[in-house]
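Numbering (full-length UniProt numbering), first residue to last: 1 to 396. Ideal Cβ positions, reconstructed from N, Cα and C, are used throughout, including at glycine. Please read all numbers here as calculations on a predicted model, not as lab measurements. Here the structure comes first, spelled out in structure tokens, and everything after it is commentary.
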């Protein structure tokens, strides 16, 4: 992470004796760090050894099968047609993915078990509902519109505080980490003045958890999934400090830039990872030049695939079937842009109420096999509407 936090009791120096004042028993230090021992780190202090496993077995989680986008077409996945599942971790449906990331969606009705992603960071966007993300770092309450960053190998569980929790999940694949954009940061990691969000907008866990006893933890690894039985509960931390911990940012706290003429999507970058960026489109004033065309120009994404997850009105694609929870894919090499007629319709509009999460990747995306079952087959031909061109629903 980008700044230091401390919660609970910690010793004056690292790697020194730290004992329970009541019993005299030694606490056990655990370091969770990135890029070996050469990047950000946190140090946690457990009542019991965090390393003792008593059993292990292989488990199967959700299908992550991907298929090639061939013939190359734009795609529109109606995520709300996937229905609800019980678990917000094991019930995820992969929508798109490549060697750099996997993008999934889930609508869950129950809390999860303990889980650890040992492959890469997770960036979860809460479309609706509320929960508490529990981890050795404590409790982090999250709700609608929150981005939640979970560092690699953080044991955690989602505890629902609403009847349903809908998540868009971006998982890195271990070649690096999901972080705020470098261009917003000073060389020592402080947010620069003028960045669209800063340290005051980020929320970290604020209450430690004390649990005891044996417990199961499902761990996703580079070779599959393993269920470990731990002799001691990982939520027995008396204190921690460092730069590496789960945190949340609400999309409404992202302050957008505006201009006299249209600003390109990289203006709204919010997070970046190896091979991809995540951008936030939020309510904002439209372009104010007297001759401004306020919807985006047609573009062909020469070097990237573009994914948009819609959580509110999106005026430039009105009339295409895009709705709450829609996810579109516009691949590199495919020219796309506003819906015919939207250029003229928006000339006098002063502002937009749209909210959407955009993910741009720099390697081709494949499609989740399960997502094809809730795809809108008419979407690739939606630009013909209003142009007088007759196209059948299947494009023939």
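Report task. Measuring only between beta-carbons, confirm whether residue 147 sits less than 9 angstroms from chain C. Result -> Structure shown: chain C not included; a single protein chain is present.
Query raised in the report: Between 60, 86, 153, which lies nearest to residue 172 when the distance is taken from Cα to Cα?
Result: Locating residue 172 in the chain shown gives position 172, counting from the first residue. Ranked by Cα distance from residue 172, the first of 60, 86, 153 is 153.
Requested in this report: Measure how close the beta-carbons of residue 18 and residue 27 come, nearest whole angstrom, since I'm counting them as under 8 angstroms.
Outcome: If you number the chain shown from 1, residue 18 lands on position 18. If you number the chain shown from 1, residue 27 lands on position 27. Right, the Cβ-Cβ distance comes to about 5 angstroms (below 8 angstroms), so this counts as a contact.
Query raised in the report: Comparing alpha-carbon positions, which option in 335, 46, 312, 327 lies nearest residue 208?
Result: In the chain shown, residue 208 corresponds to position 208, counting from 1. The candidate whose alpha carbon is nearest that of residue 208 is 46.
Query - For residue 265, the nearest candidate out of 307, 374, 238 (CA to CA) - result: On the chain shown, residue 265 is found 265 positions in, with the first residue counted as 1. Out of 307, 374, 238, 307 has the C-alpha closest to the C-alpha of residue 265.
Query raised in the report: From residue 66 to residue 90, what distance separates their C-alpha atoms?
Result: As a first step, residue 66 must be located in the chain shown, where it is residue number 66. As a first step, residue 90 must be located in the chain shown, where it is residue number 90. Rounded to the nearest whole angstrom, the CA to CA distance from residue 66 to residue 90 is 17 angstroms.
Requested in this report: Can you give me the Cβ contacts of residue 334 inside the same chain, cut-off strictly under 8 angstroms, excluding the 5 residues immediately before and after it?
Outcome: Numbered from its first residue, the chain shown carries residue 334 at position 334. Answer for residue 334: 72, 73, 74, 300, 301, listed in chain order.
Report task. Would you kindly work out how many angstroms separate the C-alpha atoms of residue 343 and residue 5, rounded to a whole number? Result -> Looking up residue 343 in the chain shown gives position 343. Looking up residue 5 in the chain shown gives position 5. So the alpha carbons of these two residues sit roughly 48 angstroms apart.
Query - For residue 146, the three-state DSSP class (helix, strand or coil) - result: Numbered from 1 along the chain shown, position 146 holds the residue referred to as residue 146. Residue state, collapsed to three classes: strand.
Query raised in the report: Is DSSP giving residue 395 helix, strand or coil here?
Result: Within the chain shown, residue 395 is the residue found at index 395, counting from 1. Confidence at residue 395 is low in this model, with a pLDDT of 46, below 50, so its placement is unreliable and the value that follows should be read with caution. Note: residue 395 maps to coil in three-state DSSP.
Requested in this report: Could you check how far apart the C-beta atoms of residue 165 and residue 108 are, in whole angstroms? I think they sit under 8 angstroms.
Outcome: For the purposes of this step, residue 165 is taken as the residue at position 165 of the chain shown. For the purposes of this step, residue 108 is taken as the residue at position 108 of the chain shown. About 5 angstroms; that satisfies the 8 angstroms criterion.
Query raised in the report: Going by other Cβ atoms of all chains shown within 10 Å of its Cβ, with 16 needed for buried, is residue 297 buried or exposed?
Result: Your numbering for residue 297 matches position 297 in the chain shown. It is exposed - the Cβ of residue 297 has fewer than 16 other Cβ atoms within 10 Å.
Query - Residues of its chain near residue 16, where Cβ-Cβ distance is below 6 angstroms and the 5 sequence neighbours each way are ignored - result: Counting from one through the chain shown, the residue named residue 16 turns up at place 16. Correct list: empty, nothing qualifies.
Query raised in the report: Looking only at DSSP bridge pairs, what is residue 309 linked to?
Result: Start at 1 with the first residue of the chain shown, and residue 309 comes out as number 309. Answer is 327, 357, bridged to residue 309.
Requested in this report: Using the Cα positions of residue 24 and residue 49, report the straight-line distance between them to the nearest angstrom.
Outcome: As a working mapping, residue 24 is identified with position 24 in the chain shown. As a working mapping, residue 49 is identified with position 49 in the chain shown. Between residue 24 and residue 49, the C-alpha separation is close to 15 angstroms.
Query raised in the report: Near residue 258, what residues of its chain come up, given a Cβ to Cβ distance below 6 angstroms and the 5 sequence neighbours on each side ignored?
Result: Numbered from 1 along the chain shown, position 258 holds the residue referred to as residue 258. Only 284, 285 meet the Cβ criterion.
**Report entry** Boundaries (first-last residue) of the alpha helix (DSSP H) holding residue 342
**Finding:** Here residue 342 refers to the residue found at position 342 when the chain shown is read from its first residue. It spans 342-345 - the alpha helix (DSSP H) in which residue 342 sits, taken as one unbroken run.
Query raised in the report: So, residue 95 versus residue 292, is the Cβ gap smaller than 9 angstroms?
Result: Residue mapping note: residue 95 aligns to position 95 of the chain shown, counting from 1. Residue mapping note: residue 292 aligns to position 292 of the chain shown, counting from 1. No, they are not a contact pair.
Query - Close-in-space but distant-in-sequence residues of the same chain around residue 215 (CB under 7 angstroms, 5 per side omitted) - result: Locating residue 215 in the chain shown gives position 215, where the first residue counts as 1. Once the five neighbours on either side are set aside, the close Cβ partners of residue 215 are 114, 230, 233.
Requested in this report: For residue 44, I'd like the list of residues in its chain whose CB is within less than 6 angstroms of its CB, leaving aside the five on either flank, ordered along the chain.
Outcome: For this step, residue 44 is matched to residue 44 along the chain shown. Closer than 6 angstroms at Cβ, skipping near neighbours: 30, 136, 237, 240.
Query raised in the report: Quick one, are the C-beta atoms of residue 295 and residue 337 less than 9 angstroms apart?
Result: Position 295 of the chain shown, counted from the start, is the residue given in the question as residue 295. Position 337 of the chain shown, counted from the start, is the residue given in the question as residue 337. In this structure, residue 337 lies closer than 9 angstroms to residue 295 by Cβ.
Query raised in the report: The beta strand (DSSP E) spanning residue 42 covers which residue range?
Result: Position 42 of the chain shown, counting from 1, holds the residue named residue 42. First-last of the beta strand (DSSP E) with residue 42: 41-46.
**Report entry** residue 242 - containing beta strand (DSSP E), residue span
**Finding:** In the chain shown, counting from the first residue as 1, residue 242 sits at position 242. Residue 242 -> beta strand (DSSP E) spans 237-242.
Query raised in the report: What is the C-beta distance between residue 101 and residue 131, in whole angstroms, given that I count them as a contact (C-beta under 8 angstroms)?
Result: Here residue 101 corresponds to residue number 101 of the chain shown, with the count starting at 1. Here residue 131 corresponds to residue number 131 of the chain shown, with the count starting at 1. At roughly 23 angstroms, the Cβ-Cβ gap does not stay under 8 angstroms, so residue 101 and residue 131 are not in contact.
**Report entry** Under the three-state DSSP convention, the category residue 80 falls into
**Finding:** Numbered from its first residue, the chain shown carries residue 80 at position 80. Helix, per DSSP.
Requested in this report: Determine the direct distance from the alpha carbon of residue 288 to that of residue 421, and round the result to whole angstroms.
Outcome: As displayed, the chain neither begins before 1 nor continues past 396, which places residue 421 out of reach and without an answer.
Report task. Can you give me the Cβ contacts of residue 118 inside the same chain, cut-off strictly under 7 angstroms, excluding the 5 residues immediately before and after it? Result -> Taking the chain shown and counting its residues from 1, the one referred to as residue 118 is at position 118. Excluding sequence positions up to five before and after residue 118, its CB lies within less than 7 angstroms of the CB of 152, 153, 219, 220, 221, all in the same chain and listed in chain order.
Query raised in the report: When you compare only the Cα positions, how much space is there between residue 358 and residue 332?
Result: Position 358 of the chain shown, counting from 1, holds the residue named residue 358. Position 332 of the chain shown, counting from 1, holds the residue named residue 332. Their backbone Cα atoms lie some 15 angstroms apart in a straight line.
Query raised in the report: Measuring CB to CB, does residue 104 end up less than 9 angstroms from residue 168?
Result: By one-based count along the chain shown, residue 104 stands at place 104. By one-based count along the chain shown, residue 168 stands at place 168. Cβ atoms of residue 104 and residue 168: closer than 9 angstroms.
Query raised in the report: Of the residues 197, 282, 205, which one's Cα is nearest the Cα of residue 133?
Result: As a working mapping, residue 133 is identified with position 133 in the chain shown. Selected option, being the one with the closest Cα: 205.
Requested in this report: Counting only the same chain and skipping the five closest in sequence on each side, list residues whose C-beta sits under 6 angstroms from that of residue 202.
Outcome: Stepping through the chain shown from its first residue, residue 202 is reached at position 202. These residues qualify, in order along the chain: 247, 249.
**Report entry** Buried versus exposed call for residue 127 [16 or more other C-beta atoms within 10 Å across all chains shown]
**Finding:** For the purposes of this step, residue 127 is identified with residue 127 of the chain shown, where counting begins at 1. Answer is buried; the Cβ neighbour count reaches 16.
Query raised in the report: Got a sec? Which residues, its chain only, sit under 6 angstroms from residue 81 by beta carbon, not counting five neighbours each side?
Result: Indexing the chain shown from 1 puts residue 81 at position 81. Cβ neighbours of residue 81 beyond the five flanking positions: 374.
Requested in this report: Using three-state DSSP, classify residue 5 as helix, strand or coil.
Outcome: Against the chain shown, residue 5 aligns to sequence position 5. Looking at residue 5 - three-state DSSP - the assignment turns out to be strand.
Query raised in the report: Just the Cα atoms here: how many angstroms apart are residue 139 and residue 271?
Result: As a first step, residue 139 is located in the chain shown; it is residue number 139 there, counting from the start. As a first step, residue 271 is located in the chain shown; it is residue number 271 there, counting from the start. Their Cα atoms are separated by approximately 23 angstroms.
Requested in this report: State buried or exposed for residue 368, treating a residue as buried only when at least 16 other CB atoms are found within 10 Å of its CB.
Outcome: Along the chain shown, read from residue 1 onward, the residue named residue 368 stands at position 368. So residue 368 ends up on the buried side.
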